[in-house]
Structure formats: C-alpha cells, structure tokens
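Trainee: All residue numbers for the sequence shown refer to the numbering used here, where the first residue is 16 and numbers rise by one.
Cβ coordinates follow ideal geometry from the N, Cα and C atoms, glycine included.
Values in this document were obtained by computation on a predicted structure and should not be read as measured data.
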Amino acid sequence: MDGEEETLLERALAIEDEFCKFDPMEPPTNGHEYLVTVRNEARNCPAVIAAHVNRKKLKQQTFYVPENAKPKISNSFLPSEEWQRWQCEEFDRVRTEVSNMRYALQFQKTHDFEVPEDDADEDLWFQYCFDCSQEKHPLLTHVLVLKQSSLNELLGFFCNWLQDAKIFFSRNTCLWIYALLSCLEIPLLPDTCSTLRRISVEAVNVRSKMEDVNDELLIRLNLIICIVGKYFRQIDLADN
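See the structure below:
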C-alpha cells in the first residue's frame, strides 16, 4: 500500500525523475527540484498518524472518549490474522485495478444510464442501487462513474439503510459496500471515516447475535470489519 496515494489520487503535475538529478540534501534551485523534494518527503510520511495522549496532563474540561466496547463473541466466529492479511492484500490489488481503470478511455465515454446528482433525494440513490423488479449488482460502469462526493454520500445512505433495517448485510448489499470502498480515495474525509466506522459497528453487532459459524453471512461481516479495521486503519474496531 506504499504507492496507493499516488495511484488512487489523480496527479496534478507530471514529474520526471530522469530530468531532475540533484542532491536531495541540498535546497532545490528550481520549481522541478522543489516538486521532486516535496514528493520524496511525502513518501516518507506515514499514511496515518496516531497521537499518544497522556491523560494525566489533560485539563479538567477535556473529555476523554474511550474506545468502543465490542460485544463479546466466541473466538470461533473471529477470522484468523492470516485470513485478514490475505483479504487486505486482495482488497489492495482490487483498488489498484480500479484506479487504473477509472481514467481509462472506455470509462470516459458517455454512459447510457442516469446517475443521481450529489444533492439527489435518498430514494433516487436507493433506486440506483436496488430495483424492486430485479436485483442490481454493482457493475464497474455503475461505480466508476461516481464522483468522490457521490461515493461518500452513497456510503452514508447505505449506513442509514442498514441501521433503519431497510436493507440487510445480504450478498448484494455487501457487494455494493465492497465496490464503493474499492473506489474511495485516501486520505479519507472525516465524515467518510465516521461512516465506515458506523457500518463496521453495525456489522459487529449483527455478528454478535449469530449462532451458526457456518452461516455465509459470517464471512461477509468479517470481511467488512476487516477492511474497515485493518485496511482503513480503524484499529480499535479490528479483530485482533
């Protein structure tokens, strides 16, 4: 995932290393060298930084928010570390392929279906994803045409629909969530991060009520919890 920020975010300026040979320890002497310096410094920055707070030094008016207390569940319902690692690697591969296809010529062409606007009614987005007459699968043509603002909003709707029991963690619903997550650009917006956490918490709560370890639903729930917790670094929600 080291180069993900470069592959998933559209590059604003092209930088050619072969035309810029200079000592990175020396101050840049032109604009090209400056851009290369900034890029190299960005590569050395971690994707996520966590602050270690010494609560003894907090002032009285500062409130400490504890980590979410996860429901207790038998270890037989939890995925192994190896399984989670493999799923994150596979998800990263999918995101790379999606990034490469997003700006490909075939997806720049005009599509023959209507995409709701950012401020569209929630019902229009529901019809975009679900059809009363038939089950709609999240085809590439349906997710790659969505702007990041639409992706963020649609994930928020999915979270609301799950919490309102309008939909469940069915196979098709989880396919949509997986597809939308594979198109998200990082770093995540605060609202998007909050939405992912709410979806993961909902999955954790549903899993805590399961009784059959052989139920296929368990795999879908574990996958969503794994991606949000491990891949998107919401570690307090991850299975350890």
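Are the beta-carbon atoms of Gln178 and Ser215 separated by less than 8 Å?
Mentor: No.
Trainee: Please give the ranges of any alpha helix (DSSP H) in the segment 183-230, keeping only runs that are unbroken, at least 4 residues long and fully inside the region.
Mentor: 186-198 and 205-223, all fully within the segment 183-230.
Trainee: For Val158, which option in Lys181, Ile192 and Leu139 has the closest C-alpha, if you only look at C-alpha atoms?
Mentor: Of Lys181, Ile192 and Leu139, the residue nearest in Cα terms is Ile192.
Trainee: Measure the Cβ-Cβ separation of Leu277 and Leu166 and say whether it is below 8 Å.
Mentor: There is no way to answer for residue 277, as the model of the chain reaches only from 16 to 255.
Trainee: What did DSSP end up calling Lys72 once you bin it into helix, strand or coil?
Mentor: Lys72 falls in the helix class under three-state DSSP.
Trainee: Which same chain residues, not among the five before or five after Ala253, have their C-beta less than 6 Å away from its C-beta?
Mentor: Result list for Ala253: Gly244 and Lys245, in chain order.
Trainee: I need the straight-line Cα distance from Ile64 to Pro202, nearest angstrom please.
Mentor: If I take the Cα positions, the gap works out to 12 Å.
Trainee: How big is the Cα-Cα spacing for Thr77 and Pro205?
Mentor: Any reading at Thr77 must be qualified, since the residue scores a pLDDT of 49, below 50, and its modelled position is unreliable; no value is offered.
Trainee: Please work out which residues of its chain come closer than 6 Å, Cβ to Cβ, to Cys174, disregarding the five sequence neighbours upstream and downstream, and give them in chain order.
Mentor: So the list reads Thr210, Arg213 and Ile214, once near-sequence residues are dropped.
Trainee: Let me check understanding here. Comparing Cα to Cα, which of Lys224, Asn115 and Leu236 lies closest to Thr188?
Mentor: Considering only alpha carbons, the answer is Leu236.
Trainee: Rounded to a whole number of angstroms, what is the C-alpha to C-alpha distance between Glu231 and Trp98?
Mentor: When rounded, the distance between both Cα atoms is 15 Å.
Trainee: Leaving out five residues on either side along the sequence, give the residues of the same chain with a beta carbon under 7 Å from the beta carbon of Phe247.
Mentor: Hits under 7 Å: Leu203 and Leu211.
Trainee: Are there 16 or more other CB atoms within 10 angstroms of the CB of Ala218, so buried, or fewer, so exposed?
Mentor: Counting Cβ neighbours within 10 Å, Ala218 comes out buried, since at least 16 surround it.
Trainee: Please classify Val68 as buried or exposed, where buried requires at least 16 neighbouring CB atoms within 10 angstroms.
Mentor: Its Cβ having fewer than 16 others within 10 Å, Val68 is exposed.
Trainee: Go ahead and pull the three-state DSSP assignment for Glu20.
Mentor: Only weak support exists for where Glu20 lies, its pLDDT of 47 falling under 50; the value from the coordinates is given anyway. Helix.
Trainee: Which whole-angstrom value is the C-beta distance of Val109 and Ser197, which I expect to be below 8 Å?
Mentor: Confirmed, about 5 Å.
Trainee: Considering Cα atoms alone, identify which of Ile234, Ile240, Arg222 and Trp101 is closest to Pro86.
Mentor: Of the listed residues, the one whose Cα sits closest to Pro86 is Arg222.
Trainee: Nearest CA to the CA of Thr207: which residue from Ala180, Asn255, Asn55 and Phe172?
Mentor: Of the candidates Ala180, Asn255, Asn55 and Phe172, the one whose C-alpha sits nearest the C-alpha of Thr207 is Phe172.
Trainee: By the 10 Å Cβ neighbour count, where 16 or more other Cβ atoms means buried, how is Phe183 classified, buried or exposed?
Mentor: Burial call: exposed.
Trainee: Can you tell me where the alpha helix (DSSP H) holding Arg100 begins and where it ends?
Mentor: Counting along the chain, the alpha helix (DSSP H) containing Arg100 begins and ends at Glu96 to Arg117.
Trainee: If you follow the alpha helix (DSSP H) that Asn255 is part of, which residue opens it and which one closes it?
Mentor: Segment: none, Asn255 is in no alpha helix (DSSP H) and carries neither H nor E.
Trainee: Out of curiosity, what's the CA-to-CA distance linking Ser89 and Ser114?
Mentor: Each residue's Cα considered, the two are about 38 Å apart.
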